[in-house]
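Before any comments, here is the structure.
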Amino acid sequence: MDDIIGYMQNLLISEPLREPVLKNALFSLNLPADSKGLDVGCGLGMVTRLLASMIGSGGHVIGLDTNPVFIEQGRSLADQTDCGQKIAFQVGDASQLPWGDNTFDWACSVDFVGYGSLNTTDLLRELVRVVKPGGIVFIMAWSSQMLLPGYPFLEAGLNATPSGMAPFSTGIDPAQHFLRGRSWFSQAGLPDAQARTFVGSINAPLSSELRSAIIDLIQMRWGNGEPRLSADMRQEYQRLTTAESPDFILNIPEYYAFFTYTMIYATVL
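And the structure:
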């Protein structure tokens, strides 16, 4: 339970960072007004709430997750918004969706398909199955970051560590990398999938919420520095990323960083 609570806290802390770029990406889809959609692997429902805000007063979104704690918290957060009445949450298995064929106008998954051990093609086939012909299936995932401006060699080294490459790891089939995801759509029966990448920009001065989100992100991506880095690189990393350090990188008045989300999408035939 402690792990779940910690993960939920990380998700909430990250929202000020992730929400603007995800909102921009979702808005680009021009989802139909008053449509019905599905968000698989919804977590605490941030994306579910964003989707509900974009589909008009007659729209409806269902968020599905295997974790009942996430679902309960998602309901609570949705009820605090103006679009809570357009959202429902349900515990369920993404590999066996509890709906019939052609139920939804669109379906999506953000930071879920391509993570973990579930077969990506099988998950996409399920999304395709429940969407009506002419509807949209789309997935998104975090795809890169540059958070240490002025230190490209250090950041390249950090990104080449197991934590920096997660969820990809040594030994995984290259075809399972998210940026190869158009092939997953082809295998799921949608050969004309397209991909787009959206950039989230971070400019100082930083709000306290955004500052906390970046600190949490640095810790999540790279921790305290990989032992496999050289001693000099580990020392430099600690100097730049420790809040109490006089050289803490977020204290640079002109601090700028960015990260990306990549979307892969297709129309159901």
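Residue numbers for the sequence shown follow UniProt numbering, so the first one is 1 and each next one is one higher. Even glycine gets a Cβ: it sits at the ideal position worked out from N, Cα and C. Please read all numbers here as calculations on a predicted model, not as lab measurements.
Please state whether DSSP places residue i in a helix, a strand or coil.
{"i": "methionine 146", "result": "strand"}
{"i": "phenylalanine 248", "result": "coil"}
{"i": "asparagine 67", "result": "coil"}
{"i": "proline 174", "result": "helix"}
{"i": "tryptophan 184", "result": "helix"}
{"i": "isoleucine 55", "result": "coil"}
{"i": "alanine 156", "result": "helix"}
{"i": "valine 199", "result": "strand"}
{"i": "tryptophan 99", "result": "coil"}
{"i": "phenylalanine 168", "result": "coil"}
{"i": "proline 32", "result": "coil"}
{"i": "glycine 74", "result": "helix"}
{"i": "glutamate 226", "result": "coil"}
{"i": "tyrosine 7", "result": "helix"}
{"i": "threonine 161", "result": "coil"}
{"i": "alanine 231", "result": "helix"}
{"i": "alanine 25", "result": "helix"}
{"i": "proline 253", "result": "coil"}
{"i": "proline 16", "result": "helix"}
Which word fits residue i, buried or exposed, when buried means at least 16 other C-beta atoms lie within 10 angstroms of its C-beta?
{"i": "isoleucine 172", "result": "exposed"}
{"i": "methionine 263", "result": "buried"}
{"i": "phenylalanine 112", "result": "buried"}
{"i": "methionine 220", "result": "exposed"}
{"i": "isoleucine 218", "result": "buried"}
{"i": "arginine 239", "result": "exposed"}
{"i": "valine 199", "result": "exposed"}
{"i": "phenylalanine 153", "result": "exposed"}
{"i": "alanine 266", "result": "buried"}
{"i": "aspartate 65", "result": "buried"}
{"i": "tyrosine 261", "result": "buried"}
{"i": "glutamate 254", "result": "exposed"}
{"i": "alanine 175", "result": "exposed"}
{"i": "threonine 197", "result": "exposed"}
{"i": "tyrosine 237", "result": "buried"}
{"i": "glutamate 209", "result": "exposed"}
{"i": "arginine 49", "result": "buried"}
{"i": "aspartate 247", "result": "exposed"}
Do residue i and residue j have their C-beta atoms within less than 8 Å of each other?
{"i": "aspartate 243", "j": "isoleucine 214", "result": "Going by the sequence as given, residue 243 is alanine instead of aspartate. The answer is no: Cβ separation not under 8 Å."}
{"i": "aspartate 123", "j": "alanine 166", "result": "Note that residue 123 corresponds to leucine in the displayed sequence, not to aspartate. Result no, Cβ atoms of leucine 123 and alanine 166 do not sit closer than 8 Å."}
{"i": "proline 68", "j": "valine 268", "result": "no"}
{"i": "phenylalanine 104", "j": "valine 130", "result": "yes"}
{"i": "leucine 17", "j": "leucine 44", "result": "no"}
{"i": "arginine 125", "j": "alanine 188", "result": "yes"}
{"i": "isoleucine 71", "j": "alanine 78", "result": "no"}
{"i": "phenylalanine 259", "j": "tryptophan 142", "result": "yes"}
{"i": "isoleucine 62", "j": "serine 109", "result": "no"}
{"i": "leucine 26", "j": "glycine 37", "result": "no"}
{"i": "glycine 114", "j": "phenylalanine 185", "result": "no"}
{"i": "glycine 223", "j": "serine 163", "result": "yes"}
{"i": "isoleucine 55", "j": "serine 28", "result": "no"}
{"i": "asparagine 203", "j": "tyrosine 151", "result": "no"}
Checking the sheet assignment: what are the DSSP bridge partners for residue i?
{"i": "threonine 241", "result": "Looking at the DSSP assignment, threonine 241 forms no beta bridge with any residue, so it has no partner."}
{"i": "serine 109", "result": "Val40, Ile139"}
{"i": "glutamine 194", "result": "Tyr265"}
{"i": "valine 104", "result": "The sequence given here places phenylalanine at residue 104; valine does not occur at that position. Partner(s): Val131."}
{"i": "isoleucine 62", "result": "Leu38, Ala88"}
Provide the residue span of the alpha helix (DSSP H) that contains residue i, from first to last.
{"i": "glutamine 219", "result": "208 to 222"}
{"i": "leucine 124", "result": "120 to 130"}
Can you find a CB in chain D that lies within less than 8 Å of the CB of residue i?
{"i": "valine 113", "result": "The chain inventory of the structure shown lacks chain D, comprising one protein chain alone."}
How is the beta strand (DSSP E) around residue i delimited, first residue to last?
{"i": "threonine 262", "result": "256 to 267"}
{"i": "glutamine 80", "result": "Where glutamine 80 is concerned, there is no enclosing beta strand (DSSP E), given that its DSSP letter is neither H nor E."}
{"i": "alanine 88", "result": "87 to 91"}
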